[in-house]
Structures are given as C-alpha cells and as structure tokens.
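Peer 1: A single structure is presented below for examination.
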Amino acid sequence: MQIAFNATALLSPLTGIGQYSYHLAMGLMAQQNLKLDFFYGAFWSKQLRSSPNGTLAASLPWLRRHIPYSYELRRWLQNSQFRQGTQRKQFDLYHEPNILALRFDGPTVITVHDLSWIRHPEAHPVERVRAMNRYFETGLRQAHALITDSTFVKQEIIDVFGVAPELITPIALGVDTLFKPLTPHQTLAVLSRHHLEHGHYFLAVGTLEPRKNLALALKAYLQLPTAIQQRNPLVLIGMKGWHTSALEQQIAPLIRKGLVRQLGYLERADLAVLMAGALTLVYPSIYEGFGLPPLEAMACATPVICANSSSLPEVVGNTGVLIDAHNDLALANAMVRMAEDDEWRTELAHQAVERAASLTWAHCVDKTIGVYRTLMS
Numbered sequence: 000m001q002i003a004f005n006a007t008a009l010l011s012p013l014t015g016i017g018q019y020s021y022h023l024a025m026g027l028m029a030q031q032n033l034k035l036d037f038f039y040g041a042f043w044s045k046q047l048r049s050s051p052n053g054t055l056a057a058s059l060p061w062l063r064r065h066i067p068y069s070y071e072l073r074r075w076l077q078n079s080q081f082r083q084g085t086q087r088k089q090f091d092l093y094h095e096p097n098i099l100a101l102r103f104d105g106p107t108v109i110t111v112h113d114l115s116w117i118r119h120p121e122a123h124p125v126e127r128v129r130a131m132n133r134y135f136e137t138g139l140r141q142a143h144a145l146i147t148d149s150t151f152v153k154q155e156i157i158d159v160f161g162v163a164p165e166l167i168t169p170i171a172l173g174v175d176t177l178f179k180p181l182t183p184h185q186t187l188a189v190l191s192r193h194h195l196e197h198g199h200y201f202l203a204v205g206t207l208e209p210r211k212n213l214a215l216a217l218k219a220y221l222q223l224p225t226a227i228q229q230r231n232p233l234v235l236i237g238m239k240g241w242h243t244s245a246l247e248q249q250i251a252p253l254i255r256k257g258l259v260r261q262l263g264y265l266e267r268a269d270l271a272v273l274m275a276g277a278l279t280l281v282y283p284s285i286y287e288g289f290g291l292p293p294l295e296a297m298a299c300a301t302p303v304i305c306a307n308s309s310s311l312p313e314v315v316g317n318t319g320v321l322i323d324a325h326n327d328l329a330l331a332n333a334m335v336r337m338a339e340d341d342e343w344r345t346e347l348a349h350q351a352v353e354r355a356a357s358l359t360w361a362h363c364v365d366k367t368i369g370v371y372r373t374l375m376s
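Below you can see the structure in the form of structure tokens.
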C-alpha cells in the first residue's frame, strides 16, 4: 500500500500533534507492506526528517523564517505542491495527521485531535480560528475515514458536524519509552542542571497559551502553605504560545523569588527526567482532545492532577485527581495532599504506571493500519 503522509507537523518544535505524527510514521514505516512518502509543505521525501528530540526546522534554518504571505496563500502553495506530488505518483491512500486535509482525489484518512477552535475560540488566535473554520469542513467532505485520539472527540464531531459514527475510529495515543520511572540517582544529573531536587517540585507542561489554564495553576500554587512552596517550586515547561503577556507578568516576580522556574521547551530526554522527578504533574487544561503530558507523567509513576473535563478523565481514569478547571481551591487542596500524603501519592503512582502500560504507540499503529485496511477493502 502506497501512502501519502503529511509531515508538516514535524517542521516545528514537536508538541502533541508532532509527537503523534512522528511515532505513527515510524510505526507505519516498519510495516513491510506499507510504503510512505512524506510531504513537508515545500517538498516530498521518502525519509522521516525529524525525531522526537529535534525538528526539521532546526536542521533546515531557512524553513524557520516567516513567510511574508497570508495563511491562505501559504495554504494554496502547499496544496499546489501536494497536488503535483500526488499526480506524479500513484498513491493508494492519503493520511492527514493534523486535522486540515490537503486536496486529494483518492481515499483520505484524517486524524482530528480536537475541536478546540469551535469549543473555545477565545483560546486561539483569530487567524487560526478563521482558517480552521474555512478549511475543516472541506476536509470532512473529502474524508473517507476519521481517526480521533479519544471517544470524547468522536462524540464532539458527531454532535457538531453530524458525521456518521461508523466513519470515526477513536485510537488512543501512546507513550514514548523514554518516559519511565526513575530513581533519584538516575535523575540527579539533569535535575542538578536545573537546581531541582527529585520529588520536590510541582510540574506543569504545555505551551504557554490560554487553553492550558496555567493561570489557575499559579493561583492555586500561591495558596499553598509557605513551607510547601519553599520546598517545592512550580516548574513550567513549554514554549511560548500566544496571548501570554498577562501570564508572564504574573510569573516574573515569582521567578525572582525562586518560587517558579520557567524552563521553556526541553529536549524529550530531559523532559522525561523532569517528569519522572516531579512530585506531581499539574494539568488544569480547559480542553484537550487527549492530553499526552498526563499519560507521559503516568508512565513515569508521577501522579497527575488534571481537569475533570474533555478527554482527560478518559486518559487518566481513577489513577489521578480530577478537579474543576475553574476551581483554584480544589487544585490547591490536591497539591497540598500530594506534598503531604506520601502513602496516597505512592498508591496513585502504582496505578498510573499500570494504566500507562496499556497505551502504546504499537497499539496506535496497529489500529490505524486496521482503518487503512477497512477503507481499502
């Protein structure tokens, strides 16, 4: 089976969709009966030109420059390049792993990670919302099959767009083998570089943007007893998104006091160590189609405190603490208990590891191939 695979999500620092695209592509390439050609926006390649620890943009600096055209023109250019490639070569199937499909005349599979631009447009730049509204439904009409990261997103698509349920297959994401329980000795070198101590920091992971709700994490952290704050700083990992000025103004004095550490975007290997060494992952995101950081924390035996909405209960189950995404007091209480109740936290950690072990990239790849085969039959 010859597959056209859109790999443009690998051109930027890899967040959740980039991780999905990379691990799915790696798994598909390992199948003898599947042949993949990757589309990178301006060119095609048979090579997967990225890794979970790096990006194509880092190896080809010119791609990082801002293209001085509107989104519509850039998309037109991408569609033109994509069409040229698919006309030169006969593809059996096109998989779009990043929501917005390019034009293709054959069987098309689209992975829809969430409908956040519809459910929470206030959490996105206006240009992004406009583009998603303009192009998503066109892709839906082209699609022969849809994949979602969760049952939650499947139901969202049915409710909002009236898509027939049998066209949508929920397939859970997997977790990289980098994410595993580590001892204090194993985390020492990396944590020392960041002046952190194993088991003595709260961790928040995600792009700094409104949807991740880091303002609630800060508000809750500031309610903790002084002794807990002094022993356990709040560590923020993730690249800057948009609309962050108010959040950064809140963070700045806390950084000066040593209560908050802002580490930015980290290599995957370092992120895995920071996950394994954390007291807990604080993840009060207001909307997620899956929530990869909670799963990665669970695989590291790090308990999760997360919002009780969208897909997060589906991922975390009863292995973490679910709180209202607008209730800072509930989040603060959960953080206090994580810091003070070692027996309870250890039990949650054991349960989290067991649950994470059932969610693998191999399973994700196998179920995706099943979608391909059903479509081609």
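The numbering of the sequence shown is numbering that gives the first Met the number 0, which starts it at 0 and goes up by one. We put the beta carbon where it would ideally sit given N, CA and C, even for glycine. Remember, predicted model here, so these are calculated numbers, not experimental data.
#1: Measuring straight from C-alpha to C-alpha, what distance separates residue 164 and residue 152?
#2: In terms of alpha-carbon separation, which member of 146, 260, 156, 119 lies closest to residue 192?
#3: Let me check understanding here. Comparing Cα to Cα, which of 13, 29, 321 lies closest to residue 238?
#4: Hey, would you say residue 271 sits closer than 8 Å to residue 201, going by beta carbons?
#5: Note down, in chain order, each residue of its chain lying with its Cβ closer than 8 Å to the Cβ of residue 146, except the 5 sequence neighbours on either side.
#6: Taking the straight line between their C-alpha atoms, what separation do you get for residue 99 and residue 195?
#7: Whose CA, out of 232, 373, 127, lies closest to the CA of residue 278?
#8: Kindly indicate which three-state DSSP category residue 125 falls into: helix, strand or coil?
#9: Do you know offhand how far residue 180's Cα is from residue 273's?
#10: Is residue 285 closer than 8 Å to residue 119 when the C-beta atoms are compared?
#11: Is residue 72 buried or exposed, if buried means 16 or more other CB atoms sit within 10 Å of its CB?
#12: Quick one: does residue 357 have its CB under 8 Å from some CB of chain C?
#13: Is residue 344 buried or exposed, if buried means 16 or more other CB atoms sit within 10 Å of its CB?
#14: Taking the CB atoms as reference points, tell me whether residue 174 and residue 330 lie closer together than 8 Å.
#15: Of the residues 15, 35, 227, 29, which one's Cα is nearest the Cα of residue 211?
#16: Considering only residues of the same chain and omitting the five flanking positions on each side of residue 5, which have a CB-CB separation below 7 Å?
#17: Compute the Euclidean distance between the alpha carbons of residue 115 and residue 335, then round it to the nearest angstrom.
#18: So, at 6 Å on beta carbons, what are the nonlocal neighbours of residue 148 in its own chain, with the 5 sequence-adjacent residues on each side left out?
#19: Would the beta-carbon of residue 316 fall within 8 Å of that of residue 303?
#20: Thinking residue 197 and residue 190 are a contact (beta carbons under 8 Å), I'd like their distance in whole angstroms, please.
#21: Once DSSP output is grouped into helix, strand and coil, what is the label at residue 17?
#22: Span of the alpha helix (DSSP H) holding residue 292?
#23: In terms of residue numbering, what span does the beta strand (DSSP E) encompassing residue 3 cover?
#24: Assign residue 150 to buried or exposed, taking buried as 16 or more other Cβ atoms, counted over all protein chains shown, within 10 Å of its Cβ.
#25: From the DSSP output, in three-state form, read off residue 279 for me.
#26: With DSSP as the reference, label residue 111 as helix, strand or coil.
#27: Among the residues of its own chain, which have a CB less than 8 Å from the CB of residue 275, if the five just before and after it don't count?
#28: Using CA coordinates, which residue listed in 26, 131, 3, 228 is at the minimum distance from residue 91?
#29: Which residues mark the beginning and the end of the beta strand (DSSP E) in which residue 37 is found?
#30: Using the rule of at least 16 other Cβ atoms within 10 Å of the residue's Cβ for burial, across every protein chain shown, is residue 83 buried or exposed?
Peer 2: Result, derived from the coordinates:
#1: Rounded to the nearest angstrom, the two C-alpha atoms are 11 Å apart.
#2: Selected option, being the one with the closest Cα: 260.
#3: Considering only alpha carbons, the answer is 13.
#4: Not a contact, by the Cβ cut-off of 8 Å.
#5: Excluding five sequence positions before and after residue 146, the CB atoms of its chain that fall closer than 8 Å to its own CB belong to 108, 109, 110, 111, 167, 168, 169, 170, 367, 370, given in chain order.
#6: Roughly 40 Å separates the two Cα atoms.
#7: From the listed residues 232, 373, 127, the smallest Cα separation to residue 278 is found for 232.
#8: In this structure, residue 125 counts as helix in the three-state DSSP scheme.
#9: Rounded to whole angstroms, residue 180 to residue 273 spans 11 Å at the Cα level.
#10: Against a cut-off of 8 Å, the Cβ pair of residue 285 and residue 119 comes out as a contact.
#11: Residue 72 is classed as exposed because its beta carbon has fewer than 16 other beta carbons within 10 Å across all chains shown.
#12: Of the chains in the structure shown, none is chain C; there is only one protein chain.
#13: With 16 or more Cβ atoms within 10 Å of its Cβ, residue 344 is classed as buried.
#14: The answer is no: Cβ separation not under 8 Å.
#15: Closest option to residue 211, Cα to Cα, is 15.
#16: For residue 5, where only same-chain residues beyond five positions count, the Cβ hits under 7 Å are 38, 95, 96, 97, 101.
#17: If you take the alpha carbons of residue 115 and residue 335, they lie about 31 Å apart.
#18: In the same chain as residue 148, and ignoring 5 residues on each side of it, the C-beta atoms closer than 6 Å to its own belong to 112, 172, 288, 289, in chain order.
#19: Their beta carbons are not under 8 Å apart, which means residue 316 does not touch residue 303 by this criterion.
#20: Right, the Cβ-Cβ distance comes to about 6 Å (below 8 Å), so this counts as a contact.
#21: Correct three-state label for residue 17: helix.
#22: The continuous alpha helix (DSSP H) containing residue 292 extends over residues 291-298.
#23: Here the beta strand (DSSP E) through residue 3 covers 1-5.
#24: Its Cβ having fewer than 16 others within 10 Å, residue 150 is exposed.
#25: Three-state DSSP puts residue 279 in a strand.
#26: The answer is strand: DSSP assigns residue 111 an E or B state.
#27: So the list reads 178, 179, 180, 181, 185, 186, 299, 300, 301, once near-sequence residues are dropped.
#28: Ranking 26, 131, 3, 228 by Cα distance to residue 91 puts 3 first.
#29: Element bounds for residue 37: 34-38.
#30: With fewer than 16 other Cβ atoms within 10 Å, it is exposed.
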